[in-house]
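Structure first, commentary second.
Number of protein chains: 2
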Amino acid sequence: MRQAGSRRTLHDIAREAQVSPATVSRVLNGRLDSRIASATRDRVLRIAERLGYEPNRIAQALVTGRTHMVGVVVPYRWYPFATDVMDCVQQRLEPLGWGMVVEGTEGDREWFLHGVRRLEGQVDGILTVDRCDLVQALVDDPPGFGKPVVSVGSDCYRGVDHVSIELGRGAADAVSHLIEQGCRRIVYVVPQISAHPHEARRLAYESTMAAAGLEPELVVFPKGTRRGAREAFLAHAAERRRLPDGLFCCNDVTALGVYRALRDLGVRIPEDVALVGCDGTDETQYVDRPISTIVMPVAQMCEQGIGFLQRRIDQPDLPLQGAELTASLCIRESSRRQVGDS
Amino acid sequence: MRQAGSRRTLHDIAREAQVSPATVSRVLNGRLDSRIASATRDRVLRIAERLGYEPNRIAQALVTGRTHMVGVVVPYRWYPFATDVMDCVQQRLEPLGWGMVVEGTEGDREWFLHGVRRLEGQVDGILTVDRCDLVQALVDDPPGFGKPVVSVGSDCYRGVDHVSIELGRGAADAVSHLIEQGCRRIVYVVPQISAHPHEARRLAYESTMAAAGLEPELVVFPKGTRRGAREAFLAHAAERRRLPDGLFCCNDVTALGVYRALRDLGVRIPEDVALVGCDGTDETQYVDRPISTIVMPVAQMCEQGIGFLQRRIDQPDLPLQGAELTASLCIRESSRRQVGDS
DNA sequence: CTGAAAGCGCTTACAG
DNA sequence: CTGAAAGCGCTTACAG
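Protein chains in written order, with this note's numbering: chain W, 62 to 403; chain F, 62 to 403.
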């Protein structure tokens, strides 16, 4: 048995097969441009097999400039939504023999830029979810970014290849739905980090409320965790004399935190307060009153995004690639008051 | 502005600073063994800074044999428990400037061996969670594994550096607790993949039941997802005339699926059926009746594991390192029937 | 069809 | 204190 840690190299095979390393390389890479005697080919292949040869990817990367790795950048690595994205990307990459390395933005600009730059040298391209502002800064500010970037999500940057998720329609549907269910004091609950005035969910919320002659009200809270949302909502409830009767949450993590807060308060869902989240993550289906949510088309998003990335890597001069997908409302018990309502 | 994609190299700095690449390398690496004129040092540093030089990690890796990456292998990448592990590891690695690449076993032996071998060339060592059998096969069967391996979890392999989580105590406590709450028909619910006869939770369950003179009963189901657990439990309930009155679940994902199944059946928790999970993931706290669980000491496990790995990488000849940690029962509403019970 | 040579971007003995 | 040279393990024009 060979010594652990010392792997075979091209030269080992070359020596044993009595050919040059160049020939071994050509055989192993199946290069079609140079025909190789089938006797040579067979011999090399057999020996490589017997020696359990595995190419040194690092060396290959150094000379070819290709690492066969893609970087995936998500806002929060621990979000169930991010998990869904990682799984989908992984699934697309697997058959290609490519690897994946994940980086979390953690809501911090410098962290993002630093983390992504570190990735620059080790991946062939990156797929970033949301944070249009950061992606733009990354690619447009000097020194730019040396590898292909595909921006995906509801907050994607259209200056590069992108897969945009249209969230406005789903969000408007969510608010309309709450109104139809009889809600009048509908609050939008959003973590600080996602509370931009021009964000799609917020815009849809505000315009739908306005169209119905209702007063919009925001609960913005600092920490975008389940716990952060729970505590923030409890605090909000404590300082108001009256609770809202409808809640639209920026994402499912928030929705779950708020759900728990409502139970803490002994409030009935949806009878007293109706609740809608956003993302479509699995965990929303397992509470007592499954939570309505806007389902992101994660699989298609990743499939298209990775497809764009692959093509961009192979053909750097391709014209800008873009796609539009839609997220749609999925109504569940947490917001369904009347029987027979669709 | 420099061309995107073409990064500065050592030679760029060397040329501009009028020194050899060797000197630049020494300055940038702060090698203490060879003193360098501070004038030279300053000049090089200034120029490197101005040029925005970033070393090519691939090239460094090829020559030093160190990638400053660790591989993390988890049974299921999408388990919330895995997310917790990734976050903890990431946190330990960050200050060191190290990277992380994650691989999921997905319950498949060949997948595991193949995936981990692919990692071999690109990481300085790996941290694997559970799957003692696979880890053992990996390191003990020819051709072995060329990089340090630290095995962690309740099902770790002690033939390499390891951090073992003692689960038997917590599991026994869980079953005793259910018995104290008045449960008599207590079922252990476990996904196929974790249903080995000698697994700690199962052993503790069986012996605690036996000690109380109760009949053990297993529900083993094929797909270890929330949904898989839910459907399996519903099917199980449908073919029995009487439901169990206590459920001990192999992990929190299972517990959440079973929780949902119980709600589907209109069963009260914990009044009709008391429920305990295992892992200590966040999501168990957000359902209406927060789920009791055995809390894994994830943070300590990762801290110790990464510490062992670092030391092993620096000193390959170190004697075997090992640590033992304990997971303990956390009782919540899903299994607390009497008021005042601890 | 195959090989000798150069080179990817670094680091590290070895000299001086 | 600093440089010339070799080399990490590959791939790829360039010859033949």
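Beta carbons: idealized from backbone N, C-alpha and C, even for Gly. Fair warning: this is a prediction, and the values are worked out from it, not measured in the lab.
query	result
Could you list the residues in the region 205-221 of chain F with a C-beta less than 8 Å from some C-beta on chain W, going in chain order?	Gly205, Phe206, Gly207, Lys208
Short of 7 Å in beta carbon distance, which residues of its chain neighbour W:Gln418, apart from the five on each side in sequence? Order them along the chain.	This structure leaves residue 418 of chain W out entirely; chain W is present only between 62 and 403.
Please say whether F:Phe294 and F:Tyr249 have beta carbons closer to each other than 8 Å?	no
Would the region 391-398 of chain F and the region 345-355 of chain F be scored as touching if the rule is three or more Cβ pairs under 8 Å?	yes
Can you name the residues that DSSP bridges to F:Phe282?	F:Pro252
Could you tell me if the beta carbon of F:Gln382 falls within a distance shorter than 7 Å of some heavy atom in the ligand SAH?	Ligands in the displayed structure: none, and consequently the ligand SAH is not present.
Would you mind working out which of F:Val184, F:Val177, F:Gln183 sits nearest F:Gln197, comparing C-alpha positions?	F:Val177
Three-state secondary structure (DSSP) at F:Met362?	helix
Considering only their Cβ atoms, is the gap separating F:Gly186 from F:Val210 smaller than 8 Å?	yes
Just the C-alpha distance for F:Arg118 and W:Phe173, rounded to the nearest angstrom, thanks.	19 Å
Have a look at F:Gly229 and W:Phe142 and give me their C-alpha separation to the nearest angstrom.	33 Å
Does the beta-carbon of W:Asn312 have 16 or more other beta-carbons within 10 angstroms, so that it is buried, or is it exposed?	buried
For W:His238, does the three-state DSSP call read helix, strand or coil?	helix
In angstroms with no decimal places, state the Cα-to-Cα distance between W:Ser403 and W:His297.	Because the pLDDT at W:Ser403 is just 45, under 50, the model does not fix this residue reliably, and the point stays unresolved.
Leaving out five residues before and five after W:Glu278 in sequence, what residues of the same chain have Cβ atoms less than 6 Å from its Cβ?	Val248
At what residue ranges does the region 87-169 of chain F contain a whole run of the beta strand (DSSP E), taking only runs of 3 or more?	130-135, 160-165
Distance check for W:Tyr320 and F:Asp222, CA to CA, integer angstroms please.	43 Å
In chain W, what lies closer than 8 Å to F:Arg178 by C-beta?	Glu115
Closer than 8 Å by C-beta to W:His72: which residues in its own chain qualify, once you throw out the five before and the five after it? Chain order, please.	Pro82
Would you call W:Gln399 buried or exposed, if buried means 16 or more other Cβ atoms sit within 10 Å of its Cβ?	exposed
Specify the secondary structure class of W:Thr387 as computed by DSSP and reduced to three states.	strand
Would W:Val133 and W:Val150 be called neighbours here (beta carbons separated by less than 8 Å)?	yes
Between F:Leu123 and chain W, is any beta-carbon pair separated by less than 8 Å?	yes
Just checking: is the beta-carbon of F:Val134 within a distance shorter than 8 Å of some beta-carbon in chain W?	no
Given this structure, state the Cα-to-Cα distance separating W:Met62 from W:Tyr114, to the nearest angstrom.	With a pLDDT of only 38 at W:Met62, under the threshold of 50, the placement of this residue in the model should not be trusted; the figure read from the coordinates follows. Between W:Met62 and W:Tyr114, the C-alpha separation is close to 13 Å.
Output, in chain order, the set of chain F residues within a Cβ distance shorter than 7 Å of W:Thr144.	Trp139, Thr144
Helix, strand or coil, according to DSSP, for F:Arg63 in the structure here?	Any reading at F:Arg63 is ruled out, since the residue's pLDDT is 43, under 50, leaving its predicted position unreliable.
Going by Cα to Cα distance, which pick from F:Ala271, F:Arg372, F:Gly182 is closest to F:Ser48?	The shown model of chain F, from 62 to 403, leaves out residue 48 of chain F, and the question about it has no answer.
For a test of the three-state rule: what should DSSP assign to F:Thr84, helix, strand or coil?	helix
In terms of residue numbering, what span does the alpha helix (DSSP H) encompassing F:Leu264 cover?	261-272
From the DSSP output, read off the bridge partner residues of W:Ser225.	W:Gly214, W:Glu385
Once you ignore the five residues that flank F:Leu390 on each side, which residues in its own chain have a CB closer than 6 Å to its CB?	Gly231, Asp234, Ala235, Ile355
I want to see whether chain W comes within less than 8 Å of F:Ile374, judged by CB atoms only; does it?	no
Once you ignore the five residues that flank F:Leu180 on each side, which residues in its own chain have a CB closer than 7 Å to its CB?	Gly132, Val162, Glu164, Ile187
Determine which residues share a DSSP beta bridge with F:Gly338 and list them.	F:Thr354
Just grab the DSSP bridge partners of W:Cys310 for me.	W:Val250
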